[in-house]
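Below is one structure, written out as structure tokens, with a few remarks after it.
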Amino acid sequence: MHYITYLCSLKRFALSLFASISYKPTWPPTKATPLFTSISQPTRRGRCHTKIYKKNKSLFRIKQCLNFVFGVTLWPKLLFFITGLSLVSALSATPQITIVWGTTTIDGSAEVLKDANGNPLSAGVQGNGDGDLVELGYFTSATTSDPFSGQWIALTRQTHVGDSSSGYGFNDGMFIFTTNFLKNRDYIVVFPTEPKEFEDSPGFTITATTPPPGTPVCIRFYDKPTLGGANYNTVTGAEWLWPSFPNGSSIPSNHYFKISNIASSWKTGAIFEDPANPFKTSLSPTYTIGVSNYANSTGSGTISDINGSYTWGQEINITATPGPHSYFNGWIGSGLSDPWTENTTLTVDGAQTIYAEFALVPYFLNLEVNGNGSVTGGGSFSFGDSVDIFASPDYGHSFSHWENNGTHFSSNAIETISIPGNLDLVAVFTRNTYDVLIGAELGGSYELLDTNGSTPQVIEHGVEYFLRSIPEKHFGFNSWITTSDGISMLGNQNFAHTSFIPTADVNITASFFEISYQLNIESTQGYSSLSSSGQFPALSIVPVEVEVQEGFVFDYWQDPLGILANPNLAQTEANISKIYPHDSASVSAILRLDDYDESDINITADAGGNILFQTDDSGGFTHFTSYELNATASLGYQFDQWVGDTEQLEFGSQEKNNKFLIEGPLSLRASFTLSEYELNLSSSGEGTTLGPENFTMQDTPSIKAIPFQGNRFTHWSGDTEYLLDHLASETFIVLEDNSVPEDLSLIANFVPENYQISLNTEGNGSVDIILSSGESFNGVAFQSVTVDSETQIVFETIAQDGWSFSNWRGLPGISELYNPLAHVDQYSSVIYFYPSSDLNITAEFKITEYDDTQIVVNSGNGGEVLLESEESGNFLHFSSYDLNATPVKGYEFNGWLLDTSQESLLLYNTSSPNNRLRIEGGMEINASFSIVDYDIEILAQEGGETTAPASFNVYDSPLLIAMEDPGWDFSHWSGDTQYLLDPNASQTTIDHTSLPLRNLSFTPNFVLESYLIGTSTEGSGTVDLSKNEILFIADATQEIIGIDSATRFGANALPINGWKFSQWFGLPESDSLRDSEPNLNPLDDQIDFIPVEDINISAKFERDSYSLNIDQTEIGGSASGGGVYLFETVVDINATPQEHYLFDRWNGGDTHLVHDPGEANNKLRI
């Protein structure tokens, strides 16, 4: 009795404890499986499980008490009795099925699992997981009559012989597993809450219908730890059936399956797939091998047919044959000896489909260029691909044709070709040829030559030619006459010999001018008129005349170049062309008077002096001519007078220095007296003299002229007739017998030194030469001038457009100059100095070079600009450079911004980003970029609305918002979802950080909301469930079904016999629904509505009431117990016989009697 009292206490304690915990029993207990190991809900991998022996010592004490009181064999049944009384609250939140499955654990038992040779299956070395493989599972088409029909489906995959919950393991051929299967989970828990607990995956989700309830459960065991090549056998039992998951009102229970023929508290089973070899792995598996073309193959081909079933390790030869224009790329599968060869061997290591991948042979379209141009469209393609190729000529060139291996292929610059295989194409570009008309005006001709000195047959774009003008005699080259475009093609319009680079059709004419020569017409004396001098055209004939005065005689024309028709005539003509090759010519009329000889003129001197008189060059005298007459007294003498025909003396007889006029014969005599003389020396110019102040007849005076620096002596003037040499700076006065004047004066003449200054230029430029004397030479390239040392010379350079002065060569050093007033910096464009020697000076000019402060290229926002330059980073005038603008992501190029006068310097128009810029001076050019707007297209879908901007740019992160209608849920976005931050979020942004920008299209996808409707029953009855008035579950007692927001849910409550429908509980309120016609009368056995949320409804059934009528015979006694009772009520009925009577029996509904109908005091079940 005390056992029962103690049991009741334990029951109450257990019930109070079990009301707050989840219980997952492992039953029956084994040595390796403790009775109570864990009290916690099943959790996914990684969550902690509460250990009961640590967290609740009370339950552990229960076990100890039960072991003590009832013993090991009795307490499990007793605990079931306790828990069976009230264990509803112990059910877990997630329904689960617990199966304990195993073998005998008795060493030496005949029921130990063995391989085909009778050896126990290996339990491994130590611990769990290394023994031979065992699996709990089922066959897809299994029935209780044919449990091995269909495909084998393993529910466990990591269970092995010898495994145990503690890890200490079982011996060979033995195992016991506890496995928890949780509803709607894709994993199971093995050894739950035990030290060796782990999760296993069947590879699918366990549901209420998978596996189907009632399906035979099997255990398959193998003779290897893995499936590969392992032999097996499968076993089941008659009662090994997959159970249904417990509902909310049922009590979870464990299921115990044991491989055994011996009856026990377990559900034993010994029905083997190979019944002839029980407990042995006697079956050898076959593996289905298939072959197929890989779905993602780009090529084609065929495969040898090896489809079939094979045994483990069997070798199969397979062959892949690629189709035309395809090649074999490889095999996809396992067990292949060489997956990269067309012929290989497969060693069977399991069922599989081997895929052969074929790829299209890549053919290369190689595009090259012959000439000046570019091509696009080449690359790697497949046979038959349609490819567009483009040929673009450079400026000044034209596309001619495409060639293939030297053969004409196409004349179209843009061509579409179908790839036949590898193909080499050459785009042939030719230079443009131009109509160039070159002519010459009167006075010369021209030559057009190529760089080889030959006359070109055609004129091609960009090729350098040379134009040479050939003036005729008496003509000079003027310039080349052409258009402004033509001028740009010439090296220099004004050079007689210049380069010519054609860029278009052009007319060029060589212009010449007739040269004029200077004719100087002169005469010495005796003329009354004379033809005028001047400049005359080279081909002209000019009259030359002289009229002679009375008393004079014309002798002849002095004509050194022979230009006169007759130089012996006073009236003649000059042929101007004969002046060539000189620039000028002079003719002089020679006139003379009548003349006399020495016999007619007698002039003498007395002793003490001598006379000197002038004559003609011939020694004679000319009529009407005055001649000098000088009487020179010898030293110590002085002149006295003239004696004779003194009337012809111009100054009288007393003047020693006189003149006589020839008017006929003459006789004169000079008379002298002794005298003394002085010597007066002076200088003219920069210099000094040296000599005596006085001298006598006995002296031979010496005089000397000394020039200052930069000057030179030229001659003596004054009484030079008394000098030994009047041109010598040092000479003697020769007295002898000559007559000397009273005072002798001599002047030493000095002049500045003259120097020859030669100027040359190199490059395109000229020089202005300015002399301090007032003379100048403007814009000369070559000039030679004579300059004395006192004349300052100034050189000022003038560079032509595009050129700049570089430096001087040949300048004198400052120390070399006599006059320090000079500026001779070789890098200065203006210099000046006073020369001190002959000089050969050269002015060098160079093409103007600009740096990046003068040629400014700006990119602004939105792009980058690259301007080609020289290696130095600078730019040369007249040169052209590549100019490229590249927009950054989200921008586009608008155009080049520069001064309108400079737009022509761009080779292409201002809207071309890839351009070429000609440098003709400093400039600034800006690249303009603008932000690109991209469209966002939102495609409407049923179930909601969307808000989004219509467009975006690179700086935007547009927000897309999908708003579902009532009864709908947002599912996901479709379209260009790679641009979305989260394509599964109803509110997301466009993230284009790592993607190219373009127009985008998105579609919001909405799905109907789905709700869980739980149905249950209270009392005895079932419910038929329908969707849109179509029955889909009949006779349900407890179900959870999914219903979307557009489906009408219906339920029909069906009581079983003896029961009646009472009412519904948990129905939704009508005004909370979007259903216009719901049927929600809680007293109506049929309801229907369209749900808007999860809901649990319950159909309540009540026992029906029945009348119990007890009749009795008219005599013999009485009976009691009649009335109205509920179904299944046990009613006491009593029959009381009268005296002298005995009760016989109950008649009527005696089948409802609890006891024999012969018992008067009985019980009846309604």
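Using our numbering, you'd call the opening residue of the sequence shown number 155 and step up by one each time. In this text, a Cβ means the ideal position worked out from N, Cα and C, and glycines have one as well. In this text, all values refer to a predicted model and were calculated from it rather than measured experimentally.
From the options, residue whose alpha carbon lies closest to that of residue i
| i | options | result |
| --- | --- | --- |
| Asn367 | Pro721, Ser436, Gln1266, Ala296 | A quick correction: the sequence has Pro, not Asn, at residue 367. Closest option to Pro367, Cα to Cα, is Ala296. |
| Phe1156 | Leu1149, Pro1137, Gly1302 | Pro1137 |
| Phe987 | Gln768, Ser1082, Tyr972 | Tyr972 |
| Ala1200 | Asp1123, Glu522, Ser633, Ser1216 | Asp1123 |
| Pro989 | Ser780, Glu998, Leu975, Thr1002 | Leu975 |
| Asn334 | Phe352, Asp317, Ser318 | Phe352 |
| Asp1189 | Asp1198, Phe1203, Ile1197, Ser1174 | Ser1174 |
| Trp485 | Trp494, Asp897, His479 | Trp494 |
| Gly538 | Asp377, Glu1282, Gln795, Pro574 | Pro574 |
| Phe867 | Thr1283, Pro1291, Tyr681, Glu884 | Glu884 |
| His615 | Thr422, Val660, Asp377, Thr1191 | Val660 |
| Thr1283 | Ser1261, Leu1296, Gln1266, Asp879 | Ser1261 |
| Thr945 | Ser1023, Glu929, Ile952 | Glu929 |
Backbone CA spacing between residue i and residue j [nearest angstrom]
| i | j | result |
| --- | --- | --- |
| Ile251 | Gly278 | 29 Å |
| Val1161 | Ala308 | 35 Å |
| Ser1224 | Glu1193 | 23 Å |
| Glu128 | Leu925 | Any question about residue 128 goes unanswered here, given that the chain covers just 155 to 1320. |
| Gly773 | Gly841 | 38 Å |
| Leu1051 | Gly933 | 38 Å |
| Thr180 | Thr332 | Confidence is the limiting factor: at Thr180 the pLDDT is only 37, short of 50, which leaves the residue's position unreliable, though a coordinate-based value still follows. Cα to Cα, the separation comes out at about 6 Å. |
| Glu916 | Thr996 | 7 Å |
| Ala1139 | Asp1130 | 14 Å |
| Ser176 | Phe345 | Note that Ser176 scores 34 on pLDDT, short of 50, meaning its location in the model is unreliable; the coordinates nonetheless yield the value given after this. Distance between the alpha carbons of Ser176 and Phe345: 16 Å. |
| Tyr1088 | Ile470 | 58 Å |
| Leu1149 | Tyr1133 | 7 Å |
| His1306 | Leu1179 | 34 Å |
| Gly818 | Asp754 | 8 Å |
| Ala882 | Val905 | 14 Å |
| Gly1324 | Val445 | Because the chain is modelled from 155 through 1320, residue 1324 falls outside the range shown and cannot be assessed. |
| Ala1104 | His1146 | 16 Å |
| Gly1312 | Phe1215 | 37 Å |
| Val288 | Asp503 | 19 Å |
| Ser438 | Ile253 | 28 Å |
| Ala424 | Phe411 | 10 Å |
| Pro1158 | Ala1116 | 7 Å |
| Ser1259 | Gln305 | 53 Å |
| Ser1082 | Asn1015 | 8 Å |
Supposed close pair residue i, residue j - CB separation, criterion 8 Å
| i | j | result |
| --- | --- | --- |
| Ala650 | Ser687 | In fact, because the Cβ distance is near 30 Å, the residues do not count as touching under 8 Å. |
| Ala728 | Val698 | 5 Å |
| Val541 | Ile571 | 6 Å |
| Ile923 | Gln937 | 6 Å |
| Glu752 | Ser780 | Their Cβ separation, rounded to whole angstroms, is 18 Å, which puts Glu752 and Ser780 out of contact at 8 Å. |
| Gly1271 | Asn1263 | Not confirmed; about 17 Å, so no contact. |
| Gly1098 | Glu1163 | Gly1098 to Glu1163, Cβ: 12 Å. No contact. |
| Asn282 | Gly327 | Wrong, their Cβ atoms sit about 16 Å apart, outside the cutoff. |
Contact check, residue i vs residue j, beta carbons under 9 Å
| i | j | result |
| --- | --- | --- |
| Leu596 | Ile543 | no |
| Ala1205 | Ile1244 | no |
| Val1086 | Glu1046 | yes |
| Pro301 | Cys372 | yes |
| Ser665 | Ser633 | yes |
| Gly1257 | Phe1219 | As written in the sequence, residue 1257 is Arg, which differs from the Gly given in the question. No, the Cβ-Cβ distance between Arg1257 and Phe1219 is not below 9 Å. |
| Asn811 | Asn784 | yes |
| Ser856 | Ile887 | yes |
| Ser276 | Gly262 | no |
| Asn1038 | Leu1021 | yes |
Residue i Cβ short of 8 Å to the ligand MN heavy atom set
| i | result |
| --- | --- |
| Pro1137 | This structure does not include the ligand MN; it has no bound ligands of any sort. |
Original post:
Using 8 Å as the Cβ pair cut-off and three pairs as the minimum, do the stretch 979–990 and the stretch 1004–1023 touch?
Top reply: no
Subject >> Cβ contact (3+ pairs, closer than 8 Å) linking the stretch 739–749 and the stretch 703–711 >> reply: yes
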